[in-house]
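One line per chain: the protein sequences are A and B, in this order.
Mapped onto full-length UniProt numbering, the consecutive letters of the first sequence carry residue numbers 1 to 386.
Mapped onto full-length UniProt numbering, the consecutive letters of the second sequence carry residue numbers 1 to 386.
Please read the structure below before turning to the comments.
There are 2 protein chains.
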Amino acid sequence: MATTDEKRGPFDYSNDPVRPSPHLLVRKDEPFNAEPTLSALVRRYITPVPEFFKRNHGPIPDLDASKHTVSVEAPELPSITSRRFNMSELRQFPKREIIAAIQCAGNRRDGLNKLAKVKGVIWAAGTIGNATWAGATMRDVLLAAGVPEYDDPAVRGWHVSFEAIGECEEDRVYGSSIPLWMAMSPNRDVLLAYEMNGATLTRDHGYPIRVIVPGVIGARSVKWLDRITIQPAESNSFFQQRDYKILPPHVRENELAEWWPRLVALQELNVQSVICEPTEDQSVNGGPLTIRGYAISGAYWRMHVSVDGGRTWKMAELYNTSPSPERHWGWTLWALRVPKLSIDAELVCRAWDAAGNTQPELPVYNYRGVMNNAQHRIRVLPSSKV
Amino acid sequence: MATTDEKRGPFDYSNDPVRPSPHLLVRKDEPFNAEPTLSALVRRYITPVPEFFKRNHGPIPDLDASKHTVSVEAPELPSITSRRFNMSELRQFPKREIIAAIQCAGNRRDGLNKLAKVKGVIWAAGTIGNATWAGATMRDVLLAAGVPEYDDPAVRGWHVSFEAIGECEEDRVYGSSIPLWMAMSPNRDVLLAYEMNGATLTRDHGYPIRVIVPGVIGARSVKWLDRITIQPAESNSFFQQRDYKILPPHVRENELAEWWPRLVALQELNVQSVICEPTEDQSVNGGPLTIRGYAISGAYWRMHVSVDGGRTWKMAELYNTSPSPERHWGWTLWALRVPKLSIDAELVCRAWDAAGNTQPELPVYNYRGVMNNAQHRIRVLPSSKV
Chain A
1 MATTDEKRGP
11 FDYSNDPVRP
21 SPHLLVRKDE
31 PFNAEPTLSA
41 LVRRYITPVP
51 EFFKRNHGPI
61 PDLDASKHTV
71 SVEAPELPSI
81 TSRRFNMSEL
91 RQFPKREIIA
101 AIQCAGNRRD
111 GLNKLAKVKG
121 VIWAAGTIGN
131 ATWAGATMRD
141 VLLAAGVPEY
151 DDPAVRGWHV
161 SFEAIGECEE
171 DRVYGSSIPL
181 WMAMSPNRDV
191 LLAYEMNGAT
201 LTRDHGYPIR
211 VIVPGVIGAR
221 SVKWLDRITI
231 QPAESNSFFQ
241 QRDYKILPPH
251 VRENELAEWW
261 PRLVALQELN
271 VQSVICEPTE
281 DQSVNGGPLT
291 IRGYAISGAY
301 WRMHVSVDGG
311 RTWKMAELYN
321 TSPSPERHWG
331 WTLWALRVPK
341 LSIDAELVCR
351 AWDAAGNTQP
361 ELPVYNYRGV
371 MNNAQHRIRV
381 LPSSKV
Chain B
1 MATTDEKRGP
11 FDYSNDPVRP
21 SPHLLVRKDE
31 PFNAEPTLSA
41 LVRRYITPVP
51 EFFKRNHGPI
61 PDLDASKHTV
71 SVEAPELPSI
81 TSRRFNMSEL
91 RQFPKREIIA
101 AIQCAGNRRD
111 GLNKLAKVKG
121 VIWAAGTIGN
131 ATWAGATMRD
141 VLLAAGVPEY
151 DDPAVRGWHV
161 SFEAIGECEE
171 DRVYGSSIPL
181 WMAMSPNRDV
191 LLAYEMNGAT
201 LTRDHGYPIR
211 VIVPGVIGAR
221 SVKWLDRITI
231 QPAESNSFFQ
241 QRDYKILPPH
251 VRENELAEWW
261 PRLVALQELN
271 VQSVICEPTE
281 DQSVNGGPLT
291 IRGYAISGAY
301 WRMHVSVDGG
311 RTWKMAELYN
321 TSPSPERHWG
331 WTLWALRVPK
341 LSIDAELVCR
351 AWDAAGNTQP
361 ELPVYNYRGV
371 MNNAQHRIRV
381 LPSSKV
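Below you can see the structure in the form of structure tokens.
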């Protein structure tokens with residue numbers, strides 16, 4: 001598969017899908033990494049597949065669904081016999097459909113890169129998307145494979161490790177893990193998904209089967225799923241052990257090896273909101289103007305928007321389609337109509353979750369540029385000045 | 001029981017327990033509301049019962065455990081027959097012991113009262129305590145009463161309502177509710193507790209039986225438990241419908257009726273940390289000095305302390321006895337040794353949870369003064385200046 005070409009690196013990207021979207025900003029061609037413009041992103045509650053961000057660590061696998069299987073193994077649990085599920089077996093489990101926003105841990109990395117140089121693809125605020133996902137629940141598949149309930153002393157505190165098929169730049173294959181309680185808990189809605197927005201998954205998004213872990217950084221929603229392992233410890237993967245962690249502000253490249261083992265692997269997402277319209281430095285007239293954006297912080301929350309740099313705040317109108325609070329994984333779109341804007345207005349937004357957590361006023365630097373959820377601030381230029 | 005005495009109000013508090021603790025600051029005598037000093041609080045990982053904050057809304061019930069029962073009812077679920085459990089029946093369920101910090105939603109209300117007048121007992125940062133709690137799991141008791149799994153379509157999205165025995169100033173009785181999924185989820189560890197720190201509950205803390213809801217505002221951990229009702233909606237209690245909600249900053253007394261129905265009832269706690277030693281305006285020498293405090297934000301987190309008003313931060317040493325991350329309900333005590341302090345040093349602390357949420361730099365006002373988790377700031381006076 002990988003024909004080494006000196007000029008192009010060790011991997012062959014020539015079989016990657018063709019991706020037609022005028023709203024996608026390509027941050028890197030090989031591996032393919034792209035995010036939509038913010039004004040495209042905020043236009044629809046369900047993000048269309050072509051405009052959904054693509055985050056890759058290698059060439060896109062080109063799998064044959066009729067031959068593909070997913071193995072479930074638990075080498076340290078004698079009661080379990082390894083088994084493989086093919087796609088038609090996975091489709092025989094009850095089909096669960098959920099709406100879930102998936103966000104990359106590196107979303108808004110550009111904001112941290114302004115503080116000091118960060119390592120990673122310099123994403124803006126578009127590496128988030130809100131889709132419907134359908135498939136078997138991880139719970140059903142693990143129970144069918146004989147995995148005990150997560151409360152069973154034999155597996156309490158264990159983890160579920162996922163491995164993808166395909167080549168990967170940083171490790172042997174792409175891998176990640178989540179705690180077993182999360183994988184098995186009925187109200188966490190972890191899926192083995194084969195559909196996105198009502199259609200078969202596209203290659204870019206994990207065809208024929210991927211993990212969806214709602215409420216957790218996108219890195220754990222492993223695409224092109226090959227292997228599930230139930231094990232006492234977290235995944236040994238680069239992406240669990242040595243990446244996707246929040247480094248202290250002073251740590252740089254030469255201290256990574258020392259710090260990585262001391263830090264916890266990221267899972268749950270923090271409170272987040274972003275202004276998508278208007279955009280930074282957009283020229284607008286003095287008003288009226290509608291400010292729009294997205295937020296993720298569960299179903300029950302408040303959205304504050306300021307047009308004076310954070311001195312005063314107004315509550316925005318919210319739009320989401322939450323079925324019930326404990327199963328709310330979708331994002332919320334919000335809007336605030338402002339009658340008048342001052343010259344050089346600084347727009348700021350901050351979301352609050354049900355517990356009263358909110359976004360920090362200013363970003364705190366970390367070298368890998370992850371989990372930036374500082375209040376989103378943009379300046380607009382009144383058109384009279386332009 | 002309640003002999004009305006014009007001079008003393010409608011309730012009789014003469015049978016309240018005698019409470020000997022030199023470290024308890026009484027905020028209100030009737031009903032009894034008291035919190036420990038911060039330096040007493042930070043001294044031990046497990047808070048002793050006499051120094052554990054007391055939050056009451058009426059006289060303390062004086063119940064006979066040999067006659068006390070707890071009912072489980074579900075009037076809108078035909079499959080369930082109401083039943084009552086007496087204390088020896090409750091003790092026959094497997095005994096679960098957990099360490100959990102319980103925090104009042106009004107903890108640190110004094111910080112919001114500095115911004116504008118708030119309604120409620122003006123608590124400092126001592127309405128939190130960390131104890132071992134033991135009893136039957138709510139899950140076991142509800143299953144024994146015939147309540148279906150929370151994922152069952154018959155009860156999906158339902159709530160579990162708790163009522164206490166005894167008189168209450170704001171309502172007929174004290175009541176609250178939590179979502180059924182939370183009550184039933186094995187990894188939420190909701191208890192019907194009859195022991196605190198290895199001994200029978202004291203009257204002040206709910207003898208003979210109380211609810212413990214880890215990770216949630218103290219208001220839901222109903223004491224002197226009388227009645228459990230499984231129902232489609234939240235509790236109708238004053239404390240669920242019309243209190244313990246975060247009002248927008250502009251709302252005052254005359255707008256409460258309009259705002260309460262529009263706001264969600266508080267449940268989960270936000271990220272919190274407090275400096276307990278030294279205390280505000282304490283005179284200290286120029287150093288070395290050990291700064292100590294508590295934090296709640298799950299097992300995996302970081303604790304930042306600043307001695308220059310938040311310009312620079314150091315990581316504190318942590319102490320907790322977490323058995324496993326998904327079951328961590330205890331607080332963490334932390335300490336930072338500082339070699340030297342400047343004149344008029346401003347000490348600040350901020351905790352981070354595993355998701356990267358942290359405490360806001362400055363408090364945001366709400367009239368009921370709940371959920372204040374702003375970065376805790378104190379000024380110390382170097383003794384050379386005193």
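No residue lacks a Cβ here, since even glycine has one placed at the ideal position from N, Cα and C.
Contact annotation for residue 267 of chain B against chain A: 354 [CB-CB distance below 7 Å, chain order]. In the DSSP assignment, residue 182 of chain A falls within the alpha helix (DSSP H) that extends over 180–184. If you look at residue 83 of chain B, you'll find it in the beta strand (DSSP E) that goes 83–86. Contact annotation: the stretch 141–158 of chain B does not touch the stretch 58–67 of chain B, with fewer than three C-beta pairs closer than 8 Å.
Shown in chain order are the members of the stretch 181–196 of chain A whose Cβ falls below 9 Å from a Cβ of chain B: 181, 182, 185, 186, 187. The Cβ of residue 373 of chain A sits closer than 8 Å to at least one Cβ of chain B. DSSP places residue 135 of chain A within a strand segment (E or B) once states are collapsed to three. For the stretch 237–248 of chain B, the set of residues with a beta-carbon nearer than 7 Å to any beta-carbon of chain A comprises 246, 248, in chain order.
No Cβ-Cβ contact shorter than 8 Å links residue 122 of chain B with residue 275 of chain B. By the neighbour-count criterion, in which a residue is buried when 16 or more other Cβ atoms sit within 10 angstroms of its Cβ, residue 284 of chain B is buried. In the displayed model, residue 33 of chain B falls within a strand according to three-state DSSP. Straight through space, the alpha carbons of residue 106 of chain B and residue 85 of chain B are spaced by roughly 33 Å. With respect to the 8 Å criterion, residue 178 of chain A and residue 103 of chain A are not classified as neighbours on the basis of their beta carbons.
With respect to chain A, the C-beta atom of residue 361 of chain B has a partner C-beta closer than 8 Å. Contact note: residue 303 of chain B does not reach chain A at a C-beta cutoff of 9 Å; the least C-beta distance is about 12 Å. Straight across, the Cα-Cα distance linking residue 48 of chain A with residue 128 of chain A is about 12 Å. Within the same chain, 76, 158 come within 7 Å of residue 232 of chain A by CB-CB distance, once the 5 residues on both sides are set aside. The straight-line gap separating the alpha-carbon atoms of residue 381 of chain A and residue 332 of chain A is approximately 27 Å. Judged by DSSP in its simplified three-state form, residue 38 of chain A adopts helix.
Buried is the label assigned to residue 213 of chain B, since at least 16 other Cβ atoms lie within 10 Å of its Cβ.
Among the residues of the stretch 268–290 of chain A, those with a Cβ less than 7 Å away from any Cβ of chain B are 268, 269, 270, 271, in the order of the chain. For chain B, the residues of the stretch 136–163 of chain A that bring a beta carbon within less than 9 Å of one of its beta carbons are 149, 150, 151, 156, 157, in chain order. When the Cα atoms are used, residue 358 of chain A and residue 136 of chain B turn out to be separated by approximately 35 Å. Membership of residue 256 of chain B in the alpha helix (DSSP H) is indicated by the continuous run 256–259.
Proximity of chain B to residue 358 of chain A at the Cβ level (cut-off 7 Å) is accounted for by 360, in chain order. Only 248, 264 from the stretch 248–264 of chain A bring a Cβ to less than 7 Å from some Cβ of chain B. Distance from the CA of residue 302 of chain A to the CA of residue 162 of chain B, rounded to the nearest whole angstrom, comes to 27 Å. Its chain contains 303, 332, 334 as the residues whose beta carbon lies nearer than 7 Å to that of residue 318 of chain B, once the 5 sequence neighbours on both sides are disregarded; these appear in chain order. Taking C-beta separations shorter than 8 Å and ignoring five residues to either side along the sequence, the partners of residue 248 of chain B in its chain run 259, 366, following chain order. Taking the C-beta atoms as reference points, residue 82 of chain B is found no nearer than 8 Å to residue 176 of chain B. Distance check between residue 156 of chain B and each of A/180, A/187, A/160 places A/187 closest, using alpha-carbon atoms only. Rounded to whole angstroms, the Cβ separation of residue 120 of chain A and residue 369 of chain A is 5 Å, and the two are in contact under 8 Å.
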